[in-house]
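**Student:** Residue numbers (my numbering): 6 to 117.
Glycine is no exception: its CB is placed at the ideal position from the N, C-alpha and C atoms.
Here it is, the structure, as structure tokens.
In structure tokens form, the structure reads like this:
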């Protein structure tokens, strides 16, 4: 299933949010478990929106580069790019609202 994988930290601190989520379980002095595996839909959406094209080695054209919005304020173009790049990863966008002085609202899921 595409929406399942190794999870990243739940922290709201931007610098910590890209660290792997680790839950160490020690049994008899041995580490038996560490990385947390689970639903990655939201983190995949966030990573695609934040990433610049070329940052995903196996998908070099994937990445919205939301930081470019600071320079041009073209929200229509960014909404189009978000839809386009999420579709490249196999997601279908049901709802996308993104405009000046309003938070990004996104409902998308992987197509079955």
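Relative to the C-alpha of residue 56, which residue among 91, 80, 104, 27 is closest?
**Tutor:** 91
**Student:** Does DSSP classify residue 70 as helix, strand or coil?
**Tutor:** Residue 70 falls in the coil class under three-state DSSP.
**Student:** Buried or exposed: which applies to residue 117, given that a residue is buried once 16 or more other Cβ atoms fall within 10 Å of its Cβ?
**Tutor:** exposed
**Student:** Does the region 76 to 89 come within contact of the region 101 to 108, defined as at least 3 CB pairs closer than 8 Å?
**Tutor:** These segments touch.
**Student:** Should residue 4 go down as buried or exposed, given a rule of 16 or more other Cβ atoms within 10 Å for buried?
**Tutor:** The requested residue 4 does not occur in the structure, where the chain is confined to residues 6 to 117.
**Student:** Grab me the residues of residue 76's own chain with a C-beta within less than 6 Å of its C-beta, minus the 5 sequence neighbours each way, in chain order.
**Tutor:** The answer is none, since no qualifying residue turns up.
**Student:** In or out: residue 2 buried (at least 16 other Cβ within 10 Å) or exposed?
**Tutor:** Only positions 6 to 117 of the chain appear in the structure, and residue 2 is not among them; the question remains open.
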